[in-house]
Structures are given as structure tokens and as C-alpha cells.
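In this note's numbering, the protein residues as written are 146 to 508.
Encoded as C-alpha cells, the structure appears first; notes follow it.
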């Protein structure tokens with residue numbers, strides 16, 4: 146890849162700046178594509194955005210930015226999107242800095258910003274070289290997430306359309322599933338979640354799914370699948386609880402979607418488990434009511450005092466094999482199993498030797 150040093154002023158950068166959701170983001174008199182398909186959304190918060198403007202106003206050097214030279218002689222940003230948009234938004238009056246918008250500045254202050262010189266490296270090379278640079282020279286202060294890098298590697302019409310569904314602050318995915326998903330849409334967390342679910346369904350990894358669909362004209366299949374998952378969740382578990390946020394709902398859907406489930410019966414079971422002090426993992430309740438595996442509930446363990454009390458009561462003798470052991474050689478066990486209503490309390494605690502406890506657990 147060929148790299149040349151170049152300088153432009155802020156005045157030149159912001160000329161004919163435009164930001165339209167469908168058409169893209171452009172500057173430098175429409176010659177600079179600020180958000181090419183492989184780029185992430187604008188993620189700077191107010192503090193980060195303000196730091197960029199403070200740097201310009203004080204005349205301090207701003208980190209070098211990288212543009213790639215397109216075949217038609219125009220440019221697209223490889224690195225520096227967040228700083229570029231911050232500058233353009235401020236000059237165009239989208240936000241204020243220290244309680245002053247750009248139009249509130251004195252003429253000399255405006256000129257100082259507009260005449261500020263930005264250092265640009267112009268890079269000429271193949272698409273794969275550009276993507277490699279995008280991955281390795283991300284020096285703007287916000288490290289790319291794994292999914293943002295994958296979006297760059299597998300850029301194309303499919304990724305562009307998928308981002309429309311999953312990657313905006315008020316995207317369709319946010320609208321129907323925000324209360325069920327963890328993470329932030331603009332950092333590609335929603336898209337990554339949907340891709341993990343559907344790739345697990347297909348028995349492949351996430352990268353392979355993206356590779357297979359990179360050149361699809363749209364992401365309708367992914368969006369349709371995602372809606373099916375959320376609709377299944379809402380029908381199966383109609384009472385929402387905060388513990389439902391961040392659960393791997395797609396995996397549950399993949400495994401249980403063809404079962405006939407009684408949502409009323411499930412809700413009664415869930416309600417009782419939510420009130421059970423012995424259940425320490427409330428999120429695990431949803432998996433438990435589907436497959437019955439108690440390990441997801443993380444049933445409360447007996448305390449050291451309860452174990453000591455049982456050991457003294459038994460005089461160190463295992464009630465199964467009748468042999469005497471040291472306390473450290475024994476393990477606590479529910480006399481009446483938790484699944485049968487037994488509580489994690491002293492009167493329901495017994496100590497078994499390790500071998501007998503393992504044997505009981507395997508039954």
C-alpha cells in the first residue's frame with residue numbers, strides 16, 4: 146500500500162458536509178465518504194466530542210487520520226471517523242462546547258478553528274489492504290469491537306442492510322427487543338447477538354455465517370429469524386421481569402420452538418422459583434423451567450456452620466457407608482432434595498463421604 150502525507154484545513158473538511166441515514170455521511174465538498182460500508186456508527190459521547198473541539202480551539206495537534214484513495218480520485222475514511230464527524234457537527238451547529246455553539250464564537254475564534262490544519266495520510270491499495278489497515282490503525286481512542294471488525298471484513302450489501310435493522314440507536318431491533326438484549330446497538334452488540342443465535346441454529350460459527358451471506362442483497366432472513374425469536378419469548382413468557390434481559394433467548398428458541406409449552410403453567414413455576422431464597426441465580430430459572438436442570442439455578446449451598454453442626458450431630462460418620470471421616474473429607478447434602486421441597490437449612494443438612502455423595506449425584 147502506498148501512503149502519502151497530506152494536510153487540509155477544517156474549512157475544507159466541513160465544506161458541503163451532509164449526514165443522511167440512507168445516503169451516508171460526506172464532507173470535503175462531497176469528495177470524502179466519512180462512513181463507508183465497513184465503518185461503525187458514530188459512538189463518541191459528549192465528553193469525547195468536546196475534547197476534539199477543545200483540541201482545535203487550543204491549537205493542539207490532533208491525531209493523524211487515514212483516508213483511502215478511491216479509483217475515481219475521491220476518498221473514504223479508514224481511521225478518524227469519530228473525530229471528523231465531531232468537527233463537522235460542531236461547525237454545522239449540531240452541539241455546543243462550553244455553552245457556545247460555533248455561531249456564538251467571535252469571528253477570530255471561528256477563523257482559528259476553520260484554519261486549523263489536519264494531518265491526513267492518503268493510502269492507495271487494494272480493498273483487502275484497506276480493511277487490514279482499518280483493523281490495525283484504529284488509533285482514535287475507541288477500540289473496535291469484535292463485531293465491528295467482522296463488519297469490516299465481510300462488508301457488502303448484506304452487512305449494510307443488517308446494520309439498518311440492528312445497529313442504530315432506535316433500530317427496529319431496539320424497538321422490539323431492547324428489554325431482552327444486553328449491550329449497545331451502535332457498538333454492534335445487537336447484531337452480534339442475532340448472528341450468534343442464528344449461526345448456532347445452523348451449526349456453524351458466526352464468521353462462517355457472515356461469509357456465506359456477505360453478498361446477499363439484504364439481511365431479511367436474519368431479521369425474520371430474530372423477530373420469530375422475540376415473538377416466541379413474548380408468547381412463552383408473557384410476564385416480563387428484569388432477569389429476562391441478556392438471556393440467550395435464541396438458543397432457547399432453537400431448542401424448544403417446536404414444543405407445546407403452557408405459558409400459564411410456566412409462569413406459576415417461575416413465580417414460585419423467584420420467591421425461593423435457595424435459588425440464587427434468578428436468570429437461570431428460565432432455562433430450568435424448559436429443561437429441568439437444577440445446576441442453572443445455583444441452589445444456595447450450606448454454610449460452614451451448618452456443615453459443622455451436621456458433622457458433630459453425625460459424629461463424623463457417613464450415614465450411607467457408616468465409615469468415620471474428617472470434616473474435610475465429607476460433602477454437604479440435602480436430606481430431602483431441593484426438588485422435593487427440601488430447604489437449605491441446618492435440619493435438612495447431612496454430610497456424606499465424597500464417594501457416596503458422588504454416587505448419589507449420579508443417580
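No residue lacks a Cβ here, since even glycine has one placed at the ideal position from N, Cα and C.
Quick caveat: nothing in here was measured; it's all calculated off a predicted structure.
- Under the DSSP assignment, residue 394 falls in the alpha helix (DSSP H) whose first and last residues are 394 to 401.
- For residue 378, the enclosing alpha helix (DSSP H) covers residues 365 to 381.
- Within the same chain, and ignoring the five residues on either side of residue 451 in sequence, the residues whose Cβ sits closer than 6 Å to its Cβ are 491 and 494.
- Around the Cβ of residue 431, a 10 Å sphere holds 16 or more other Cβ atoms; the residue is buried.
- Assignment of beta strand (DSSP E) within the stretch 412 to 495, counting only whole runs of 3 or more residues, yields 475 to 479 in chain order.
- According to the DSSP assignment, residue 358 belongs to the alpha helix (DSSP H) that extends over 351 to 358.
- Relative to residue 387, the option among 206, 400 and 323 whose CA is nearest is 323.
- With contact defined as three or more Cβ pairs closer than 8 Å, the stretch 159 to 177 and the stretch 265 to 273 are not in contact.
- Boundaries cannot be given for residue 240, as no beta strand (DSSP E) includes it and DSSP labels it neither H nor E.
- Each residue's CA atom was taken as its position, placing residue 194 and residue 231 some 6 Å apart.
- Annotation for residue 176: 219 and 220 place their beta carbon closer than 7 Å to its own, counting only its chain and skipping 5 residues before and after.
- Annotated three-state conformation of residue 300 is coil, per DSSP.
- Taking a contact as a CB-CB distance under 8 Å, the pair residue 497 and residue 476 counts as one, their CB atoms being some 6 Å apart.
- Counting C-beta atoms within 10 angstroms of its own C-beta, residue 296 has 16 or more neighbours from the protein chains shown and is therefore classed as buried.
- Residue 455 and residue 347 have their C-alpha atoms roughly 50 Å apart.
- Taking the CA atoms as reference points, residue 474 sits about 55 Å from residue 314.
- A Cβ-Cβ contact shorter than 8 Å links residue 375 with residue 321.
- Shown here, residue 159 sits in a helix according to DSSP, grouped into three states.
- Across the structure, residue 449 and residue 505 are spaced so that their CA atoms are roughly 21 Å apart.
- For residue 237, the closest C-alpha among the options 172, 192, 404 and 200 is that of 172.
- Per the Cβ contact rule, the stretch 240 to 251 is not in contact with the stretch 293 to 307 (fewer than 3 Cβ pairs under 8 Å).
- Counting along the chain, residue 312 sits inside no beta strand (DSSP E), nor does DSSP assign it H or E at all.
- The DSSP-derived three-state label of residue 220 is strand.
- Short of 6 Å from the beta carbon of residue 198, and not among the five residues preceding or following it, lie these beta carbons of its own chain, in chain order: 235 and 242.
- Ranked by Cα distance from residue 410, the options 380, 396, 427 and 397 are led by 380.
- When DSSP states are grouped into helix, strand and coil, residue 179 belongs to the coil group.
- In this structure, residue 207 sits near residue 263, with a CB-CB distance shorter than 8 Å.
- With distances taken between CA atoms, residue 423 lies nearest to 444 out of 444, 331, 436 and 407.
- In the DSSP assignment, residue 213 falls within the unbroken beta strand (DSSP E) covering 210 to 214.
- At the C-beta level, residue 307 and residue 366 stay beyond 8 Å of one another.
- The shortest CA-to-CA distance from residue 156 to any of 349, 257, 228 and 250 is the one to 257.
- Exposed is the label assigned to residue 416, since fewer than 16 other Cβ atoms lie within 10 Å of its Cβ.
- Linking residue 259 to residue 217 through their CA atoms gives a straight-line distance of about 27 Å.
- Assignment of residue 410 by DSSP, reduced to helix, strand and coil, places it in the helix class.
- Contact annotation, residue 397 with residue 389: C-beta distance approximately 11 Å; criterion of less than 8 Å not satisfied.
- If you compare the alpha carbons of 470, 461, 439 and 169 with that of residue 485, the shortest gap goes to 439.
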